[in-house]
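S.K.: For the sequence shown, this note's numbering assigns the number 236 to the initial residue and increments by one for each residue that follows. Even for Gly, the Cβ is constructed at its ideal location relative to N, Cα and C. These figures come from a predicted structure and were not determined experimentally.
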Amino acid sequence: MSDAPELQQVDRTYVRYRGKKLSYFAGCDYFRLASHPKVLKAVKEGLKKYGLNVSASRTTTGNHKLYGELEEALAKFFGVEDAILTSIGYLTNLAVAQGLAGEIQRVFIDERAHACLQDAAKLLDCPVTIFAHRSPGSLLTKWRDAGQPKHSLVMTDGMFAHDGSVAPLKDYLAVMPKDALFLVDDAHAAGVLGKKGRGSVEHWKFPRKRVIQTATLSKAFGVYGGVILASPKWHELIQIKSRVLVGNTPMPLPLVNGCLAAVAERSKDASLRKQLLKNIEWLRKELAGHGYRFPEEASPIFAIVPKSVTEAESMKKALLKAGIYPPFIRYPGGPNSGYFRLAVSSEHTREQLERLVKGLSSD
236 MSDAPELQQV
246 DRTYVRYRGK
256 KLSYFAGCDY
266 FRLASHPKVL
276 KAVKEGLKKY
286 GLNVSASRTT
296 TGNHKLYGEL
306 EEALAKFFGV
316 EDAILTSIGY
326 LTNLAVAQGL
336 AGEIQRVFID
346 ERAHACLQDA
356 AKLLDCPVTI
366 FAHRSPGSLL
376 TKWRDAGQPK
386 HSLVMTDGMF
396 AHDGSVAPLK
406 DYLAVMPKDA
416 LFLVDDAHAA
426 GVLGKKGRGS
436 VEHWKFPRKR
446 VIQTATLSKA
456 FGVYGGVILA
466 SPKWHELIQI
476 KSRVLVGNTP
486 MPLPLVNGCL
496 AAVAERSKDA
506 SLRKQLLKNI
516 EWLRKELAGH
526 GYRFPEEASP
536 IFAIVPKSVT
546 EAESMKKALL
556 KAGIYPPFIR
566 YPGGPNSGYF
576 RLAVSSEHTR
586 EQLERLVKGL
596 SSD
């Protein structure tokens, strides 16, 4: 049982907490597509038309046409040849690792990589070396110390969930050999970073042939499931060798239908991302005026670490007074003492943003 506070989400940017309706700057629903009318309608229609579950692996009798339609839509959105769906985002990297096992001589992984990447590294059946967080110099040193192995795999988040910082993929590319492959978990960057919202890979103009990009469909797309984006060579290996894909029951069909609506909405409505970036820019500027500093890239995640327990309690009270739910959390990759992880969306109003600034700047 979780001891986290019970929250009831109401409207698109509010929660009910202890009987009070409060603005909600948390979670990862960056465009609030989880409550978008078109997405909800698609989920309801999918349930009525297709039922809940295929109750079988796609490799046997569960390969419904909707799965292929969503893979096509995602491949088009991300600008790749093909896409592979997984039932949840966490499984994407595990499936990739099972597919690449035996192909990789050594893994190099960021010390703050998400748990799903750390779990995936164990499945690659080769030595694993940890390099310093977001450090190209450390990556190069570790690679040299390991004997400059060929067929290396670099594993990292594209955007780190704990503070919104972005991995310096371009610098990693410059220090690693040409035969090195990259596995980038873009759970938080997909839909947000890049000119078309294709993630950190697009943001850095990273060569597609060198990278396997994974993402969840539960954050910027607001629904559920995961997707693997790679060249045909790696796709074939993953589909053949991954037990997760072969033996797992795929996404419930109503959610697939909802994802199709979400991808369509993100593809045709550029105003959502423009508004998100506008909100991010405004909030960064206002908080900078109060002494706050954040990573250089425009990220919807704002991490604020209190200096003491007393300061944390004061900030909680100030946020509640301003009508803001205080998202004080303890999460892997973040400070052990806990911190405020704030996330802005495209749907937050200027009034809500102003209230947030007021709560964070109270003495």
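1. Give me whichever residues DSSP pairs with residue 498 in a beta bridge.
2. Is it true that the CB of residue 565 sits closer than 7 Å to the CB of residue 573?
3. Taking residue 419 as part of the beta strand (DSSP E), name the residues at either end of that continuous run.
4. Roughly how many whole angstroms lie between the Cα atoms of residue 609 and residue 445?
5. Hey, residue 448 and residue 464: beta-carbon distance below 7 Å or not?
6. For the beta strand (DSSP E) containing residue 577, name the first residue and the last one.
7. Determine, using beta-carbon pairs with one atom in the region 488-506 and one in the region 281-294, whether at least three such pairs fall under 8 Å.
8. Determine the DSSP secondary structure at residue 221, reduced to helix, strand or coil.
9. What residue range is occupied by the uninterrupted beta strand (DSSP E) comprising residue 264?
10. Is residue 507 closer than 7 Å to residue 581 when the C-beta atoms are compared?
11. Put residue 387 into one of helix, strand or coil per three-state DSSP.
12. Taking the beta carbon of residue 420 as the centre, do at least 16 other beta carbons fall within 10 Å, making it buried, or is it exposed?
13. In whole angstroms, give me the CA-to-CA distance for residue 497 and residue 276.
14. Hey, residue 334 and residue 477 are a contact pair by Cβ (cut 8 Å); roughly how many whole angstroms apart?
15. Just to confirm, are residue 364 and residue 343 a CB contact at a threshold of 7 Å?
16. Assuming residue 403 contacts residue 369 under a Cβ cut-off of 8 Å, what Cβ separation, rounded to an integer in Å, is found between them?
17. When you compare the CB positions of residue 594 and residue 557, do they come within less than 7 Å of one another, or not?
18. Just how far apart, CA to CA, sit residue 624 and residue 543?
19. Pull up the CB-CB distance for residue 457 and residue 583, whole angstroms please, since I reckon it's below 8 Å.
20. In three-state DSSP terms, what is residue 326?
21. For a quick check, are the C-beta atoms of residue 417 and residue 462 less than 7 Å apart?
22. Quick one: give me the first and last residue of the alpha helix (DSSP H) that residue 536 is part of.
23. So, residue 401 versus residue 373, is the Cβ gap smaller than 7 Å?
24. In whole angstroms, what is the alpha-carbon distance linking residue 380 and residue 340?
25. Under the three-state reduction of DSSP, which class applies to residue 302: helix, strand or coil?
26. Using the Cα positions of residue 579 and residue 399, report the straight-line distance between them to the nearest angstrom.
27. Classify residue 412 as buried or exposed, calling it buried when 16 or more other Cβ atoms lie within 10 Å of its own Cβ.
28. Tell me the DSSP bridge mates of residue 258?
29. Would you kindly report the start and end of the unbroken alpha helix (DSSP H) that includes residue 481?
30. Is residue 339 helix, strand or coil when you go by DSSP?
31. Ends of the alpha helix (DSSP H) at residue 363?
32. In whole angstroms, what separates the C-alpha of residue 562 from that of residue 313?
33. My guess is that residue 460 and residue 274 are in contact by the Cβ rule of under 8 Å, so how many angstroms apart are they, rounded?
34. Could you give the DSSP three-state label for residue 243: helix, strand or coil?
35. Over the uninterrupted alpha helix (DSSP H) stretch that includes residue 464, give me the two end residues.
36. Between residue 432 and the rest of its own chain, which residues show a CB-CB distance below 6 Å, the 5 nearest in sequence each way excluded?
M.R.: If we stick to the structure as given:
1. Within the sequence shown, residue 498 is the residue found at index 263, counting from 1. Paired residue(s): none; residue 498 is not in a bridge.
2. The residue labelled residue 573 in the question sits at position 338 within the sequence shown. The residue labelled residue 565 in the question sits at position 330 within the sequence shown. Cβ atoms of residue 573 and residue 565: closer than 7 Å.
3. On the sequence shown, residue 419 is found 184 positions in, with the first residue counted as 1. Start and end: 416-420.
4. The first residue shown for the chain is 236 and the last is 598, placing residue 609 beyond what the model contains.
5. Here residue 448 refers to the residue found at position 213 when the sequence shown is read from its first residue. Here residue 464 refers to the residue found at position 229 when the sequence shown is read from its first residue. Yes.
6. Taking the first residue of the sequence shown as position 1, residue 577 is located at position 342. It spans 574-578 - the beta strand (DSSP E) in which residue 577 sits, taken as one unbroken run.
7. yes
8. There is no way to answer for residue 221, as the model of the chain reaches only from 236 to 598.
9. One-based indexing of the sequence shown puts residue 264 at position 29. No beta strand (DSSP E) holds residue 264; DSSP gives it neither H nor E.
10. Start at 1 with the first residue of the sequence shown, and residue 581 comes out as number 346. Start at 1 with the first residue of the sequence shown, and residue 507 comes out as number 272. Contact: yes.
11. For this step, residue 387 is matched to residue 152 along the sequence shown. Looking at residue 387 - three-state DSSP - the assignment turns out to be strand.
12. Your numbering for residue 420 matches position 185 in the sequence shown. Looking at its Cβ environment, which holds 16 or more other Cβ atoms inside 10 Å, residue 420 is buried.
13. Translated into positions along the sequence shown, residue 497 becomes position 262. Translated into positions along the sequence shown, residue 276 becomes position 41. Whole-angstrom Cα-Cα distance: 11 Å.
14. As a working note, residue 334 is residue 99 in the sequence shown. As a working note, residue 477 is residue 242 in the sequence shown. Contact holds; Cβ gap of about 5 Å.
15. Taking the first residue of the sequence shown as position 1, residue 364 is located at position 129. Taking the first residue of the sequence shown as position 1, residue 343 is located at position 108. Yes, these two residues count as a Cβ contact at 7 Å.
16. Translated into the one-based positions of the sequence shown, residue 403 becomes position 168. Translated into the one-based positions of the sequence shown, residue 369 becomes position 134. With a Cβ gap of about 6 Å, residue 403 and residue 369 count as contacting.
17. The residue given as residue 594 occupies position 359 in the sequence shown. The residue given as residue 557 occupies position 322 in the sequence shown. Their beta carbons are under 7 Å apart, which means residue 594 touches residue 557 by this criterion.
18. Only positions 236 to 598 of the chain appear in the structure, and residue 624 is not among them; the question remains open.
19. In the sequence shown, residue 457 corresponds to position 222, counting from 1. In the sequence shown, residue 583 corresponds to position 348, counting from 1. Actually they do not touch by this definition, with Cβ atoms about 15 Å apart.
20. Counting from one through the sequence shown, the residue named residue 326 turns up at place 91. Helix.
21. Translated into the one-based positions of the sequence shown, residue 417 becomes position 182. Translated into the one-based positions of the sequence shown, residue 462 becomes position 227. No, the Cβ-Cβ distance between residue 417 and residue 462 is not below 7 Å.
22. The residue you call residue 536 lines up with position 301 of the sequence shown. No alpha helix (DSSP H) contains residue 536, which is instead part of the beta strand (DSSP E) from 536-539.
23. Residue mapping note: residue 401 aligns to position 166 of the sequence shown, counting from 1. Residue mapping note: residue 373 aligns to position 138 of the sequence shown, counting from 1. No, these two residues do not count as a Cβ contact at 7 Å.
24. The sequence position of residue 380 within the sequence shown is 145, counting from 1. The sequence position of residue 340 within the sequence shown is 105, counting from 1. So the alpha carbons of these two residues sit roughly 14 Å apart.
25. The residue labelled residue 302 in the question sits at position 67 within the sequence shown. Helix.
26. Here residue 579 refers to the residue found at position 344 of the sequence shown. Here residue 399 refers to the residue found at position 164 of the sequence shown. For residue 579 and residue 399, the distance between alpha carbons rounds to 11 Å.
27. Counting from one through the sequence shown, the residue named residue 412 turns up at place 177. So residue 412 ends up on the exposed side.
28. Along the sequence shown, read from residue 1 onward, the residue named residue 258 stands at position 23. 249, 559, per the DSSP bridge assignment.
29. On the sequence shown, residue 481 is found 246 positions in, with the first residue counted as 1. Where residue 481 is concerned, the enclosing alpha helix (DSSP H) stretches over 478-482.
30. Within the sequence shown, residue 339 is the residue found at index 104, counting from 1. Coil, per DSSP.
31. Along the sequence shown, read from residue 1 onward, the residue named residue 363 stands at position 128. From DSSP, residue 363 is part of no alpha helix (DSSP H) but of the beta strand (DSSP E) over 363-366.
32. In the sequence shown, counting from the first residue as 1, residue 562 sits at position 327. In the sequence shown, counting from the first residue as 1, residue 313 sits at position 78. Near 31 Å, if we compare the C-alpha coordinates of residue 313 and residue 562.
33. As a position in the sequence shown, residue 460 is number 225, starting the count at 1. As a position in the sequence shown, residue 274 is number 39, starting the count at 1. With a Cβ gap of about 13 Å, residue 460 and residue 274 do not count as contacting.
34. As a working mapping, residue 243 is identified with position 8 in the sequence shown. Residue 243: strand per DSSP, three-state reduction.
35. Residue 464 sits at position 229 when you count from the first residue of the sequence shown. Where residue 464 is concerned, there is no enclosing alpha helix (DSSP H), although the beta strand (DSSP E) it sits in stretches over 461-464.
36. If you number the sequence shown from 1, residue 432 lands on position 197. These residues qualify, in order along the chain: 426, 508.
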